[in-house]
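Student:
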Amino acid sequence: MKFEDDGFTILSEVVSPDACDELIKAISDRDSSKPGSRDLLGNQVVAHTAGVLHRKLLGLGLLDERHRAVQCSLFAKGDGVSWSVTPHQDLSIPVADRVDIPGWAGWSRKENVWFAQPPTAFLEDLVAVRLQLDGNASETGPLEVVPGSHAKGRLASASVSKYAEQRIKCLVPRGGALVMRPLLIHSSSKPRSPSPRRILHFLYGPSLPTGLCWASPESM
1 MKFEDDGFTI LSEVVSPDAC DELIKAISDR DSSKPGSRDL LGNQVVAHTA
51 GVLHRKLLGL GLLDERHRAV QCSLFAKGDG VSWSVTPHQD LSIPVADRVD
101 IPGWAGWSRK ENVWFAQPPT AFLEDLVAVR LQLDGNASET GPLEVVPGSH
151 AKGRLASASV SKYAEQRIKC LVPRGGALVM RPLLIHSSSK PRSPSPRRIL
201 HFLYGPSLPT GLCWASPESM
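Spelled out as structure tokens, the structure:
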């Protein structure tokens with residue numbers, strides 16, 4: 001399957017333009033001076049969208065019945081907010097409390113939420129969905145990925161930098177989504193246009209080991 005080989009796939013239309021407008025309105029009360037927020041599943045419109053995406057991806061074989069939406073982050077550029085992200089892998093997940101379990105490390109607090117780095121095997125089971133709420137992706141700092149890099153496991157910084165030379169741009173249309181494995185090496189450049197670029201980044205995962213709970217209530 002191409003998704004499993006490449007570690008990502010682009011879906012051209014998963015929600016309608018009207019749904020994009022509704023989501024933009026639903027998140028409009030965020031602080032526009034910040035690049036984003038990490039916990040939006042408590043928003044009713046966002047939570048509904050998480051369920052819509054779950055059903056679509058389940059039908060495409062990109063998720064299975066064990067996966068639930070466990071986090072939604074907003075990444076926003078434009079309106080005076082311009083930033084870039086160097087090549088990296090996503091290694092941390094949000095949990096309700098710190099619990100010392102063998103194989104779990106890298107504990108930290110962000111926005112009053114505990115984050116931990118689980119074992120590689122658990123990271124390999126996660127699926128991220130980046131929903132594009134705005135158009136003009138080529139000018140607003142699109143995500144760049146290294147195809148197949150998710151299969152190399154957790155990499156040292158030097159290896160990430162080496163493989164990053166092979167990254168390609170992912171141009172996702174408005175209402176489309178980039179589905180990816182979090183271990184895929186990815187980065188994002190600064191925008192060339194002041195146009196807004198708002199991405200809702202949904203994380204889907206299975207239940208956590210006994211003793212651990214996801215930071216947000218598990219949702220469809």
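Mind the numbering: the sequence shown is residues 1 to 220 in the working numbering, read in order.
The C-beta atom is built at its ideal place from N, Cα and C for all residues, glycine as well.
Among the candidates Val129, Ser92 and Ser108, whose CA atom is the shortest distance from the CA of Gln117?
Tutor: For the residues Val129, Ser92 and Ser108, the minimum Cα distance to Gln117 belongs to Ser92.
Student: Contact defined as beta carbons within less than 8 Å: I believe Ala128 pairs with Leu203. What is the distance between those atoms, to the nearest angstrom?
Tutor: About 5 Å; that satisfies the 8 Å criterion.
Student: Mind checking who Lys190 pairs with in its DSSP beta bridge?
Tutor: Per DSSP, none; premise fails for Lys190.
Student: Excluding sequence positions up to five away, which residues of its chain have a Cβ less than 6 Å from the Cβ of Leu171?
Tutor: For Leu171, where only same-chain residues beyond five positions count, the Cβ hits under 6 Å are Ala137, Ser138 and Pro142.
Student: Buried or exposed: which applies to Ser16, given that a residue is buried once 16 or more other Cβ atoms fall within 10 Å of its Cβ?
Tutor: Answer is exposed; the Cβ neighbour count stays below 16.
Student: I'd like to know whether the C-beta atoms of Leu23 and Leu133 end up nearer to each other than 8 Å.
Tutor: A contact, by the Cβ cut-off of 8 Å.
Student: Following the continuous alpha helix (DSSP H) through Glu22, name the residue where it begins and the one where it ends.
Tutor: Note, Glu22: alpha helix (DSSP H), Pro17 to Ala26.
Student: Relative to the C-alpha of Pro87, which residue among Val95, Ser73, Ala151 and Ser157 is closest?
Tutor: When each option's Cα is compared against that of Pro87, the closest is Ser157.
Student: Tell me, please, whether the stretch 183 to 190 touches the stretch 142 to 152 by the rule of three or more beta-carbon pairs shorter than 8 Å.
Tutor: Output reads yes: the stretch 142 to 152 touches the stretch 183 to 190.
Student: If you reduce the DSSP assignment to three classes, tell me which class Arg68 lands in.
Tutor: Strand at Arg68.
Student: Taking Cβ to Cβ, would you say Asp5 is nearer than 8 Å to Gly148?
Tutor: It is a contact, given that the beta carbons lie within the stated cut-off.
Student: Excluding sequence positions up to five away, which residues of its chain have a Cβ less than 7 Å from the Cβ of Gly176?
Tutor: If we look at Gly176 and ignore the five residues flanking it on each side, its Cβ neighbours are Ile10, Leu11, Ser12, Glu13, Val14 and Gln132.
Student: Tell me, to the nearest whole angstrom, how far the beta carbon of Leu74 is from that of Arg198; I am working on the premise that it is less than 8 Å.
Tutor: The Cβ separation is near 7 Å, so the contact holds.
Student: CB Asp39 to CB Val113, shorter than 8 Å?
Tutor: Result yes, Cβ atoms of Asp39 and Val113 sit closer than 8 Å.
Student: CB-CB under 6 Å to Gly135, same chain, minus the five flanking residues each way: which ones, in chain order?
Tutor: Excluding positions up to five away in sequence, the list reads Arg174.
Student: Less than 8 Å between the C-beta atoms of Leu63 and His54, yes or no?
Tutor: In this structure, His54 lies closer than 8 Å to Leu63 by Cβ.
Student: Tell me where the beta strand (DSSP E) around Gln89 begins and ends.
Tutor: First-last for Gln89: undefined, no H or E at that position.
Student: Return the CA-CA distance between Ser207 and His67, expressed in angstroms with no decimal places.
Tutor: The straight-line gap from Cα to Cα measures roughly 8 Å.
Student: Tell whether a beta-carbon distance below 8 Å holds between Ser216 and Val52.
Tutor: Cβ distance not < 8 Å, so Ser216 and Val52 don't count as in contact.
Student: Using alpha carbons as the reference points, say which of Pro119, Val85 and Glu111 lies closest to Ile101.
Tutor: Minimum Cα distance to Ile101 is reached at Pro119.
Student: Give every residue of the same chain whose Cβ lies closer than 7 Å to the Cβ of Val45, excluding the five residues on either side of it in the sequence, and list them in chain order.
Tutor: Counting only Cβ-Cβ distances below 7 Å, and skipping sequence neighbours, we find Glu22, Leu23 and Ala26.
Student: Can you name the start and end residues of the alpha helix (DSSP H) that Val160 belongs to?
Tutor: Residues Ser157 to Tyr163.
Student: Measure the alpha-carbon distance for Pro94 versus Trp214 and round it to whole angstroms.
Tutor: Going by the C-alpha atoms only, they are around 6 Å apart.
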